[in-house]
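Protein chains in written order, with our numbering: chain D, 11 to 431; chain L, 18 to 149.
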């Protein structure tokens, strides 16, 4: 093993251990913000020491011990300061080594702690960008620098975002626990939504080996696997993991060597990751057979239908249309309605699709979105109305905030213009 | 989502009513306002970059000649406005970017009165592409 292999193994191990370590320290000391800082310091200490000095006998206990020592040092200095200020300490503080009993404890508290961490970091009181940053650091074990790099913002800015998120948790009194009853499903939905956003962000930074350390799509899949290990019977958790796997399976085919976007129907399907597709299909099949159906499971089922077609022409569009019909009834989302219109066009012809797109446009719910124009462009082209297609491709290109997508849409307009000249 | 906020200052009256003609305490108040805003944006975890630009007196427009060497032109007396500074912020939505732009627009000027400068808000192309 090379030195860099050892380093990467250590980093992997640290990030696997991070949530359980943080959970144990938070449970012991209560103060989430300070515990999180202490665990970050312990992780950094381990990342520098372990590759040179070898792994400790009990890596998790080592981390808990180091983090707890930082916490007690901090508490001691806080208390010393307060004593100097003649402050009477009312409470005992936990000087005991939490690693001593945690190391031999059952797996169950670990599970609960990690799950409670997910619920805390993805609390609906946080803005999406704060929840994403906090989840990647506290649960994912990424450093502030790595997260800042992935989102292309200065490290100081990202550090402030995390610190603000912790402050929000403190001021809104978010407890470190697994919510019970009806609130639990809503809170789990927040967790899944944050993981889904992290996965989507990964599309921008998913190229090149140098970025692999902070590859957000991989990280989202890893974290979703962790949630699934904690909640193996939850259909939507399985559905989200399946959706990620089935989408990520197309990664290598999704862009050309120059970074150009390649749409689903033009992708070289030999490049698709068969292993990821098989795992995703198995997951979604198993969960759908259980009955209860959610939005992630349906989206995963649609992705599975695409992924199972050997050629684009073999795609089972009637089945996709039916699935979008169910999804549309389940979630009142204009993007779902637009995808339903695309599927309708594939089954009933482009004019049927265009009529549905007009209805979505009239609702005003996708006003200003390039998706409407891009969908119309494709449908006009299929309907043979080349001039309308060119105009819509150019309109879409002007509105998208994605560079590869803008290039793709502009190129489509140019291709059609060349055909007519 | 990242946005670029471009603060434009009127070219007309730049030498007769521009910042160089303000009272020192007005200039100080203006600078303190901008520094304070940047600190707030940093503390909110939203600041990506912020830069003020040197005055338009030495602004040059450059084009390549046929041999690739720079052909410089300017400054341009006829321009109505010039770019005075820019911010790049990473925020949760356009509304927040507009709010920040409005704050910049109302920065204090001569006598502490709001300048109401036009601030152009443009989204930075950093979104992931959409996939069906």
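All C-beta atoms in this analysis are idealised placements derived from N, C-alpha and C, irrespective of residue type, glycine included.
If you check the beta carbons only, do residue 331 (chain D) and residue 353 (chain D) fall under 8 Å apart? In the first chain, the residue the question calls residue 331 (chain D) occupies position 321. In the first chain, the residue the question calls residue 353 (chain D) occupies position 343. For residue 331 (chain D) and residue 353 (chain D), yes; Cβs fall inside 8 Å.
Which residues in the same chain have their Cβ closer than 7 Å to the Cβ of residue 183 (chain D), if we skip the five residues on either side of it in sequence? The residue you call residue 183 (chain D) lines up with position 173 of the first chain. There are no such residues.
Member of L:37, L:129, L:147 and L:110 whose CA lies at the smallest distance from the CA of residue 138 (chain L): Here the question's residue 138 (chain L) lines up with position 121 in the second chain. Looking at the Cα atoms, L:110 is the closest of the given residues.
Classify residue 170 (chain D) as buried or exposed, calling it buried when 16 or more other Cβ atoms lie within 10 Å of its own Cβ. Along the first chain, read from residue 1 onward, the residue named residue 170 (chain D) stands at position 160. Buried, since its Cβ has 16 or more Cβ neighbours within 10 Å.
Beta-carbon within less than 7 Å of residue 189 (chain D)'s beta-carbon, same chain only, minus the 5 sequence neighbours each way: which residues are those? Within the first chain, numbered from 1, the residue matching residue 189 (chain D) stands at position 179. Result list for residue 189 (chain D): 129 and 197, in chain order.
Would a C-beta distance cut-off of 8 Å place residue 308 (chain D) and residue 340 (chain D) closer than the cut-off? Taking the first chain and counting its residues from 1, the one referred to as residue 308 (chain D) is at position 298. Taking the first chain and counting its residues from 1, the one referred to as residue 340 (chain D) is at position 330. Cβ distance < 8 Å, so residue 308 (chain D) and residue 340 (chain D) count as in contact.
Please give me, in chain order, every unbroken run of the beta strand (DSSP E) with length at least 3 that falls completely inside the stretch 71-120 of chain L. As far as the stretch 71-120 of chain L is concerned, its whole beta strand (DSSP E) runs of at least 3 residues are 78-81, 87-90 and 98-107.
Can you list the alpha helix (DSSP H) stretches of 4 or more residues lying completely in the stretch 199-285 of chain D, in chain order? 226-240, 245-258 and 261-264
Since residue 64 (chain L) is in the beta strand (DSSP E), which residue starts that stretch and which ends it? To locate residue 64 (chain L), count along the second chain from 1; it is residue 47. Residue 64 (chain L) -> beta strand (DSSP E) spans 64-69.
Give the straight-line distance between the Cα atoms of residue 120 (chain L) and residue 60 (chain D), rounded to the nearest whole angstrom. Taking the first residue of the second chain as position 1, residue 120 (chain L) is located at position 103. Taking the first residue of the first chain as position 1, residue 60 (chain D) is located at position 50. Those two C-alpha atoms are separated by around 49 Å.
What does DSSP give as the partner residues of residue 139 (chain L) in its beta bridges? Here residue 139 (chain L) refers to the residue found at position 122 of the second chain. BP columns for residue 139 (chain L) point to L:21.
Interface residues of chain L facing residue 413 (chain D) [CB-CB closer than 7 Å]: Counted from its first residue, the first chain places residue 413 (chain D) at position 403. Those are 142, listed as they occur along chain L.
So that I know if they touch, is there some Cβ in chain D lying closer than 8 Å to that of residue 62 (chain L)? Translated into positions along the second chain, residue 62 (chain L) becomes position 45. Closer than 8 Å: yes.
Can you tell me the Cα-Cα spacing of residue 259 (chain D) and residue 55 (chain L), whole angstroms? Mapped onto the first chain, residue 259 (chain D) falls at position 249. Mapped onto the second chain, residue 55 (chain L) falls at position 38. Their Cα atoms are separated by approximately 42 Å.
Beta-carbon proximity list for residue 216 (chain D), same chain, < 7 Å, skipping 5 on both sides: In the first chain, the residue the question calls residue 216 (chain D) occupies position 206. Residue placement at residue 216 (chain D) is flagged as unreliable, the pLDDT there being 41, under the threshold of 50; a coordinate-derived value is accordingly withheld.
Separation of residue 285 (chain D) from residue 410 (chain D), as counted between CA atoms: In the first chain, counting from the first residue as 1, residue 410 (chain D) sits at position 400. In the first chain, counting from the first residue as 1, residue 285 (chain D) sits at position 275. Taking the straight line from one Cα to the other gives about 33 Å.
Determine the direct distance from the alpha carbon of residue 36 (chain D) to that of residue 239 (chain D), and round the result to whole angstroms. Translated into positions along the first chain, residue 239 (chain D) becomes position 229. Translated into positions along the first chain, residue 36 (chain D) becomes position 26. If I take the Cα positions, the gap works out to 21 Å.
What residues of chain D sit near residue 65 (chain L), judged by a beta carbon separation below 9 Å? The residue you call residue 65 (chain L) lines up with position 48 of the second chain. Here the neighbours are 162, 163, 164 and 167.
Using a Cβ-Cβ cut-off of 8 Å, state whether residue 139 (chain D) counts as contacting chain L. Locating residue 139 (chain D) in the first chain gives position 129, where the first residue counts as 1. Cβ-Cβ to chain L under 8 Å: yes for residue 139 (chain D).
Would a check of beta-carbon distances place residue 416 (chain D) closer than 8 Å to chain B? Any reference to chain B falls outside this structure, whose protein chains are D and L.
Do residue 70 (chain L) and residue 64 (chain L) have their C-beta atoms within less than 8 Å of each other? If you number the second chain from 1, residue 70 (chain L) lands on position 53. If you number the second chain from 1, residue 64 (chain L) lands on position 47. No.
4-residue-minimum alpha helix (DSSP H) runs that sit fully inside the stretch 335-412 of chain D, ordered along the chain: Complete alpha helix (DSSP H) runs here, min 4: 344-358, 360-373, 380-393 and 396-409.
Option nearest residue 143 (chain L) by Cα separation, candidates D:246, D:210 and D:148: Translated into the one-based positions of the second chain, residue 143 (chain L) becomes position 126. The candidate whose alpha carbon is nearest that of residue 143 (chain L) is D:210.
Taking only beta-carbon atoms, is residue 112 (chain L) less than 8 Å away from chain D? For this step, residue 112 (chain L) is matched to residue 95 along the second chain. With 8 Å as the cut-off, residue 112 (chain L) does not count as an interface residue toward chain D.
Rounded to the nearest angstrom, what separates residue 138 (chain D) and residue 199 (chain D) at their Cα positions? Counting from one through the first chain, the residue named residue 138 (chain D) turns up at place 128. Counting from one through the first chain, the residue named residue 199 (chain D) turns up at place 189. The straight-line gap from Cα to Cα measures roughly 13 Å.
Can you give me, in chain order, the residues of the stretch 370-393 of chain D that have a beta carbon less than 9 Å from any beta carbon in chain L? 380, 381 and 384
Inter-residue spacing [alpha-carbon to alpha-carbon] between residue 404 (chain D) and residue 145 (chain L): Your numbering for residue 404 (chain D) matches position 394 in the first chain. Your numbering for residue 145 (chain L) matches position 128 in the second chain. When rounded, the distance between both Cα atoms is 19 Å.
Could you tell me which chain D residues have their CB closer than 7 Å to the CB of residue 131 (chain L), listed as they occur along the chain? Within the second chain, residue 131 (chain L) is the residue found at index 114, counting from 1. Under the 7 Å cutoff, chain D gives no residues; its nearest Cβ is about 27 Å from residue 131 (chain L).
Which chain D residues sit within Cβ distance under 7 Å of residue 109 (chain L)? Looking up residue 109 (chain L) in the second chain gives position 92. For residue 109 (chain L), the residues of chain D that pass the 7 Å Cβ criterion are 137, 138 and 139, in the order they occur in the chain.
For a quick check, are the C-beta atoms of residue 55 (chain D) and residue 81 (chain D) less than 8 Å apart? Here residue 55 (chain D) corresponds to residue number 45 of the first chain, with the count starting at 1. Here residue 81 (chain D) corresponds to residue number 71 of the first chain, with the count starting at 1. No, the pair does not count as a contact, with Cβ atoms beyond the cut-off.
So, at 7 Å on beta carbons, what are the nonlocal neighbours of residue 28 (chain L) in its own chain, with the 5 sequence-adjacent residues on each side left out? Taking the first residue of the second chain as position 1, residue 28 (chain L) is located at position 11. These residues qualify, in order along the chain: 73, 96, 97, 98 and 99.
Residue 51 (chain D) to residue 77 (chain D) span [Cα, whole Å]: As a working note, residue 51 (chain D) is residue 41 in the first chain. As a working note, residue 77 (chain D) is residue 67 in the first chain. Approximately 7 Å between the Cα atoms of the pair.
Below-8 Å beta-carbon distance, residue 333 (chain D) vs any chain L residue: Counted from its first residue, the first chain places residue 333 (chain D) at position 323. Not closer than 8 Å to any Cβ of chain L, the Cβ of residue 333 (chain D) fails to qualify, so no.
Continuous alpha helix (DSSP H) stretch holding residue 22 (chain D): start and end: Looking up residue 22 (chain D) in the first chain gives position 12. From DSSP, the alpha helix (DSSP H) with residue 22 (chain D) extends over 13-39.
Quick check: is the beta carbon of residue 221 (chain D) nearer than 8 Å to any beta carbon in chain L? Numbered from its first residue, the first chain carries residue 221 (chain D) at position 211. Note that residue 221 (chain D) scores a pLDDT of 40, beneath 50, so its modelled location is shaky; the value from the coordinates is reported in the next line. No, because no Cβ of chain L sits closer than 8 Å to the Cβ of residue 221 (chain D).
At the 8 Å Cβ level, is residue 404 (chain D) part of the contact set with chain L, yes or no? Residue numbering aside, residue 404 (chain D) sits at position 394 when the first chain is read from its first letter. Not closer than 8 Å to any Cβ of chain L, the Cβ of residue 404 (chain D) fails to qualify, so no.
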